[in-house]
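A.B. asks: Residue numbers (UniProt numbering): 1 to 735.
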Amino acid sequence: MLMYPSQTPFAVSSDAFFRSTAMDQDNAKAWESLFPPSTFSNSQRSGLVSSCVHSPDQYWPACCCPSCRQQGLVMSNLNLTSTPIASPVDGQNGHITPALQSPARDSSASTPEAGGKPKQKRNKPTLSCQECVERKTKCDRGRPNCLSCIKRQTDCHYTQIANLIASAKYVYCWILTDCTDHGRTTGGAKARYVTKPSIKARKTNSVSSTATTTSRAGSEGPSQPSATLKRKIRPSSTPYLGTALPYSRSTPSNVFGVGAQHPFSNYWTCSGGVAEVVGVLPSKEQADILVAKYFEVMDPVYPFIHRRTFFTNYERFWAQPLSIKNDADADLLALHYTIYALGTQFMQFPSYEERASSAEFYASAANQALRIYSYLNRASMRSMAAMILLTYFLMNDNHASDAYAWSGILLRQAYALRLHRDPEFIDLNISEIEKQTRRRLWQAVFFQDTFLTVLLKLPPTATHSDVQLDNLMDEASLKADGFEVDIPFQSRVENLMSINVIAPPVEVSLPLPPVDITPYLVDHTVDKADVEYIRSMWKLGNLVQENLSSPMSLNLPLVSSPRQKTSLVSSFRALYRSFPNLLTMLDFNTLQAEATVNPRGVRQNLFLTSNFYHCLMILQASENDEAGVECNIRGSLEAAHEALWSFFKLVKLFELEATVWWVFQHRAFEEAVTIAKLLSIEPTQDLNVNDALYTKCKNDVMTMIDFLKNGSRGNLEMQRTRLLALEEAFDKIVV
1 MLMYPSQTPF
11 AVSSDAFFRS
21 TAMDQDNAKA
31 WESLFPPSTF
41 SNSQRSGLVS
51 SCVHSPDQYW
61 PACCCPSCRQ
71 QGLVMSNLNL
81 TSTPIASPVD
91 GQNGHITPAL
101 QSPARDSSAS
111 TPEAGGKPKQ
121 KRNKPTLSCQ
131 ECVERKTKCD
141 RGRPNCLSCI
151 KRQTDCHYTQ
161 IANLIASAKY
171 VYCWILTDCT
181 DHGRTTGGAK
191 ARYVTKPSIK
201 ARKTNSVSST
211 ATTTSRAGSE
221 GPSQPSATLK
231 RKIRPSSTPY
241 LGTALPYSRS
251 TPSNVFGVGA
261 QHPFSNYWTC
271 SGGVAEVVGV
281 LPSKEQADIL
291 VAKYFEVMDP
301 VYPFIHRRTF
311 FTNYERFWAQ
321 PLSIKNDADA
331 DLLALHYTIY
341 ALGTQFMQFP
351 SYEERASSAE
361 FYASAANQAL
371 RIYSYLNRAS
381 MRSMAAMILL
391 TYFLMNDNHA
401 SDAYAWSGIL
411 LRQAYALRLH
421 RDPEFIDLNI
431 SEIEKQTRRR
441 LWQAVFFQDT
451 FLTVLLKLPP
461 TATHSDVQLD
471 NLMDEASLKA
481 DGFEVDIPFQ
491 SRVENLMSIN
501 VIAPPVEVSL
511 PLPPVDITPY
521 LVDHTVDKAD
531 VEYIRSMWKL
541 GNLVQENLSS
551 PMSLNLPLVS
561 SPRQKTSLVS
571 SFRALYRSFP
581 NLLTMLDFNT
591 LQAEATVNPR
601 GVRQNLFLTS
611 NFYHCLMILQ
621 ASENDEAGVE
631 CNIRGSLEAA
641 HEALWSFFKL
651 VKLFELEATV
661 WWVFQHRAFE
671 EAVTIAKLLS
681 IEPTQDLNVN
691 DALYTKCKND
701 VMTMIDFLKN
711 GSRGNLEMQR
721 TRLLALEEAF
731 DKIVV
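#1: So does the stretch 376–387 actually touch the stretch 402–414, counting three or more Cβ pairs closer than 8 Å?
#2: Could you tell me if alanine 162 is buried or exposed, where buried requires 16 or more neighbouring beta carbons within 10 angstroms of its beta carbon?
#3: Quick one: grab the DSSP three-state call for alanine 651.
#4: In chain order, what residues of the same chain have a beta carbon less than 7 Å from the beta carbon of threonine 391, not counting five sequence neighbours either side?
#5: With a 10 Å radius around its C-beta and 16 neighbouring C-beta atoms as the bar for buried, classify histidine 641 as buried or exposed.
#6: Select from Thr590, Phe612 and Tyr613 the residue whose C-alpha is nearest the C-alpha of valine 602.
#7: Figure out for me which residue from Asp422, Asp331 and Val454 has the closest Cα to the Cα of histidine 464.
#8: Are phenylalanine 311 and isoleucine 534 closer than 8 Å when you measure CB to CB?
#9: Just how far apart, CA to CA, sit residue 781 and leucine 164?
#10: Given a threshold of 16 other Cβ atoms within 10 Å of its Cβ, counted over all protein chains shown, does glycine 279 qualify as buried or as exposed?
#11: Name the residue from Thr344, Arg307 and Ala328 whose alpha carbon lies nearest to the alpha carbon of glutamine 286.
#12: Give me the Cα-Cα distance between tyrosine 337 and valine 651, rounded to the nearest whole angstrom.
#13: Opposite valine 629 in the DSSP bridges: which residues?
#14: How long is the line joining the alpha carbons of serine 567 and leucine 619, rounded to whole angstroms?
#15: Excluding the 5 residues flanking alanine 341 on each side, which residues of the same chain have their C-beta closer than 7 Å to its C-beta?
#16: Take phenylalanine 730 as the anchor and find which of Met585, Thr721 and Ile675 has the nearest alpha-carbon.
#17: Assign isoleucine 681 to buried or exposed, taking buried as 16 or more other Cβ atoms, counted over all protein chains shown, within 10 Å of its Cβ.
#18: For asparagine 624, which option in Ser561, Cys615 and Asn429 has the closest C-alpha, if you only look at C-alpha atoms?
#19: According to DSSP, is isoleucine 733 helix, strand or coil?
#20: Assuming leucine 472 and arginine 439 form a contact by the criterion Cβ under 8 Å, report the distance between their Cβ atoms to the nearest whole angstrom.
#21: Does DSSP classify threonine 159 as helix, strand or coil?
#22: Threshold first: 4 residues or longer. Then list the alpha helix (DSSP H) segments lying entirely within the stretch 389–438, N to C.
#23: Can you tell which of Phe451, Ile150 and Ala658 has the C-alpha that lies nearest to the C-alpha of methionine 552?
#24: By the three-class DSSP mapping on this structure, what secondary structure does serine 567 have?
#25: For leucine 332, which residues in the same chain have their Cβ closer than 8 Å to its Cβ, ignoring the five residues on either side in sequence?
#26: Count the other CB atoms within 10 Å of the CB of isoleucine 433; is the residue buried (16 or more) or exposed (fewer)?
#27: State the DSSP-derived secondary structure class of histidine 262, mapped to helix, strand or coil.
#28: Within this structure, are the beta carbons of residue 749 and phenylalanine 669 separated by less than 8 Å?
#29: State the Cα-Cα distance for the pair glutamate 728 and leucine 678, rounded to the nearest angstrom.
#30: For valine 467, which option in Trp661, Val454, Glu424 and Leu455 has the closest C-alpha, if you only look at C-alpha atoms?
#31: Compute the distance between the beta-carbons of leucine 540 and asparagine 429, then report whether it is under 8 Å.
#32: Exposed or buried, valine 370, counting other C-beta atoms within 10 Å across all chains shown (16 or more means buried)?
#33: Just the Cα atoms here: how many angstroms apart are methionine 704 and histidine 399?
#34: If I follow the unbroken alpha helix (DSSP H) through threonine 553, where does it start and stop?
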């Protein structure tokens, strides 16, 4: 085993580290296999110019020119400690045991000193080729053959340690920025190393490098282009031996959305804490407007926030002085900022960019509050509500990929908080209001997971629950036991991941001033209608999750026989007939009149109609050739028409909202594409070009194209992507 000499402690510079590190033969072979010395042919090598060439007597990495050192490009940027390396250490003084003496300190042969021990003979590793060493001729140490061997026409071979050092220096010089960029070009070099090949050479040699890798890999599978010559590692990176250059390149996948940036901008410092988040609060007047907009638009569709509890804490928070606000619970701030962000999304702004920028700022504050709250290792009902709403915000902000990942964290926390368990089964000592809040929170989680996975064709996660639907009650029927007046910092059912389970905190009840929330309360009939809407969506979600979401995520047939398909379609229609009349009205004129007196109910009608007929369309269009199940073209077109028209009704009744809702827009886009694909099939006897349904559905696709061209004021990049796909499908329609 060879070792570079050193007399210095272990915690020294990178030069001393590499001169004192022992590398066994196995590591040398592994390094050589990753970076073969025959990377370049002689003709290619002679045509390349080294950008940092130094004396061959210098030990790498001490060969960096002064300008490189001035830029801080030292060997510490290249961490090679992940590979087992022998490093004998003196156990008494913590120094590296010197196996060899430094060649820089002693370049002469060992001679006995007077009265002392003979000096150790210098054992500098041989870097020249073996042929030049034997002939005692000058070697330029070129790879794969030195010039002397080329002139002699003899075989050129190097020792393993020489190949290791040369390969390592090649990679290190590749990592470094070109020295000429630092203001210095070193001339008169004695060593001839290829440091940074041209683009042409890199492309040419990637083929030979791939062939070398393939020959060593044997029959392990198809080879991939070598990353050795294609990837340039940043000087700030710290690759490890064997992992610096991967065998295959992994690119990030932008799964569902167009936007690829991080969803939450960072405006925050490390030590700002709650006070920093409080410092960017809007005025009370602005907050009131945004909260009112949220409860006007979002709350009808996702009515899971207990109004009395929220507005009691909301008014109490704003009544406090700034010094007390700075000590507010972070999860409360997260919920407030999330509602501000969603309210901003539905406000009228001069441009989409201005609206998105304002909403994203509030969302960033909500995310920062959740981070301060440590939302990854603990959860409360407030933090859960904030995370549910942030998922919808991310979707509306064209971050569907981030929303899907965020919802995964949300579901884990919901399970940890035991929201999937009915409160009657886990703790009988909690208040009735808290029980209902927990049920509504789980309903929101379940609803979000089920219908998001239908759109994204991914497996559902909210699949284990014993929450009882019949136990759901409206707010007016609940006994006001004071819970909404003094909501605790944590849920009374502790998070199983929290340290509070082991060491519960001591809660101190503080007298709280009364607040007037009468202006925020709604009529009792509205509460009852909300409960009916929640139950209807809950039943639909259960049917969809079991029969559509799970098989679609595995690309399995939805049904195994024509009879099963007929039965399942009948189950969907029977469920729809059980919904309240307000939620099943389809006539536009009736809905338009109802919107003037009950816009909340109309919004619920449109969302339920869109979800139901979208799922029915998927079921009607399902096929199973092996079982003889065919696509029901007429049934699919009818369901797609009703689903798509629910979106057109939303555009006519609530135009601004239609441009914001990502889930509604994406469903409408899928429905239009499905119609276009069905109409591209040659018409049969039951469907011809003169059929009224054919004409009606074709007009639906044209209306959707017109909306994407002119009516949409959302993200332009996303709309262009949808428009191109829909126009391509429309061109294939059989006329």
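Glycine is no exception: its CB is placed at the ideal position from the N, C-alpha and C atoms.
C.D. replies: Taking the definition as stated:
#1: yes
#2: Within the sequence shown, the letter at position 162 stands for residue 162. Buried, by the Cβ-count rule.
#3: Within the sequence shown, the letter at position 651 stands for residue 651. Before going on, a small fix: residue 651 reads as valine here, not alanine. Valine 651: helix per DSSP, three-state reduction.
#4: By 1-based counting over the sequence shown, the position of residue 391 is 391. Closer than 7 Å at the Cβ level, and outside the excluded window around threonine 391, lie Ala403, Trp406, Ser407, Leu410 and Gln448.
#5: The residue you call residue 641 lines up with position 641 of the sequence shown. Buried, by the Cβ-count rule.
#6: The count along the sequence shown starts at 1 and reaches residue 602 at position 602. The option with the nearest alpha carbon to valine 602 is Thr590.
#7: For the purposes of this step, residue 464 is taken as the residue at position 464 of the sequence shown. Ranking the options by Cα distance to histidine 464, first place goes to Asp422.
#8: To locate residue 311, count along the sequence shown from 1; it is residue 311. To locate residue 534, count along the sequence shown from 1; it is residue 534. Taking 8 Å as the Cβ cut-off, phenylalanine 311 and isoleucine 534 do not qualify as a contacting pair.
#9: Outside the displayed span of the chain (1 to 735) sits residue 781, for which this structure offers no information.
#10: On the sequence shown, residue 279 is found 279 positions in, with the first residue counted as 1. Label assigned to glycine 279: exposed.
#11: In the sequence shown, residue 286 corresponds to position 286, counting from 1. The residue with the shortest Cα to Cα distance from glutamine 286 is Thr344.
#12: Translated into the one-based positions of the sequence shown, residue 337 becomes position 337. Translated into the one-based positions of the sequence shown, residue 651 becomes position 651. So the two alpha carbons sit approximately 27 Å from each other.
#13: The count along the sequence shown starts at 1 and reaches residue 629 at position 629. Looking at the DSSP assignment, valine 629 forms a beta bridge with Asn624.
#14: For the purposes of this step, residue 567 is taken as residue 567 along the sequence shown, with counting starting at 1. For the purposes of this step, residue 619 is taken as residue 619 along the sequence shown, with counting starting at 1. Their Cα atoms are separated by approximately 11 Å.
#15: Numbered from its first residue, the sequence shown carries residue 341 at position 341. Correct list, in chain order: Ala359, Tyr362, Ala363, Ala366 and Phe393.
#16: Residue numbering aside, residue 730 sits at position 730 when the sequence shown is read from its first letter. Phenylalanine 730 has its Cα closest to that of Ile675, out of Met585, Thr721 and Ile675.
#17: Here residue 681 is taken as the residue at index 681 of the sequence shown, counted from 1. Classification for isoleucine 681: exposed.
#18: Numbered from its first residue, the sequence shown carries residue 624 at position 624. It is Ser561 whose Cα lies nearest to the Cα of asparagine 624.
#19: As a first step, residue 733 is located in the sequence shown; it is residue number 733 there, counting from the start. The answer is coil: DSSP assigns isoleucine 733 none of H, G, I, E or B.
#20: As a working note, residue 472 is residue 472 in the sequence shown. As a working note, residue 439 is residue 439 in the sequence shown. Right, their Cβ atoms sit about 6 Å apart.
#21: Against the sequence shown, residue 159 aligns to sequence position 159. If DSSP states are grouped into helix, strand and coil, threonine 159 belongs with coil.
#22: 400–416 and 423–426
#23: As a first step, residue 552 is located in the sequence shown; it is residue number 552 there, counting from the start. Here the closest residue by C-alpha is Phe451.
#24: Translated into positions along the sequence shown, residue 567 becomes position 567. Three-state result, serine 567: helix.
#25: As a first step, residue 332 is located in the sequence shown; it is residue number 332 there, counting from the start. Only Asn313, Phe317 and Arg382 meet the Cβ criterion.
#26: Within the sequence shown, numbered from 1, the residue matching residue 433 stands at position 433. Buried, because 16 or more other Cβ atoms sit within 10 Å of the Cβ of isoleucine 433.
#27: Along the sequence shown, read from residue 1 onward, the residue named residue 262 stands at position 262. Coil, per DSSP.
#28: Here the chain has residues from 1 to 735 only, and residue 749 is not among them.
#29: To locate residue 728, count along the sequence shown from 1; it is residue 728. To locate residue 678, count along the sequence shown from 1; it is residue 678. Looking at the two C-alpha atoms, the distance is approximately 14 Å.
#30: For the purposes of this step, residue 467 is taken as the residue at position 467 of the sequence shown. Measuring from the Cα of valine 467, the nearest candidate turns out to be Glu424.
#31: As a working mapping, residue 540 is identified with position 540 in the sequence shown. As a working mapping, residue 429 is identified with position 429 in the sequence shown. Contact: no.
#32: Along the sequence shown, read from residue 1 onward, the residue named residue 370 stands at position 370. Checking the displayed sequence, the identity of residue 370 turns out to be leucine instead of valine. Result: buried.
#33: By 1-based counting over the sequence shown, the position of residue 704 is 704. By 1-based counting over the sequence shown, the position of residue 399 is 399. The alpha-carbon atoms of methionine 704 and histidine 399 are separated by roughly 22 Å.
#34: Taking the sequence shown and counting its residues from 1, the one referred to as residue 553 is at position 553. The amino acid at residue 553 is misidentified as threonine; the sequence shows serine. Taken as a continuous stretch (DSSP letters only), the alpha helix (DSSP H) holding serine 553 covers 550–553.
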